[in-house]
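Here's the structure, in structure tokens; my notes come after.
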Amino acid sequence: MSGELEPIWVVEATYAPDAAERRPEFRAEHLGRLRDLKATGAIIEVGAYADVSASLALVNAESEEEALELLRADVYFQNGVWTELRARQFGRVV
């Protein structure tokens, strides 16, 4: 083992202006998938900002594209609840 920590990506998912109306239909499927991803270690933590303008996910992924693809596959993104995804690599030290 090299002692290096695996890359973590901070992914921000912006909510659509009408997300409050769109979300209920997809919420159960969305939360179930996130729980499954957390159980496998693909997602470390995920939640929405208090003002519900966006969600933030800490993602274990080898690349920015892999991190984004994980959230592009989410029912929220596929159905327009989330409209934009942005990822930045987190400078993890411990």
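To get this note's numbering, take the position in the sequence shown, counting from 1, and add 2.
Just so it is clear, CB atoms sit at the ideal spot from N, CA and C, and this is done for glycine as well.
| query | result |
| --- | --- |
| Under the three-state DSSP convention, the category A30 falls into | helix |
| Three-state secondary structure (DSSP) of A21 | helix |
| 8 Å Cβ cutoff met for A69 and W11 | yes |
| Test item: CB-CB of V83 and Y17 under 8 Å | yes |
| CA nearest to the CA of E67, picked from D38, T42 and Q91 | Q91 |
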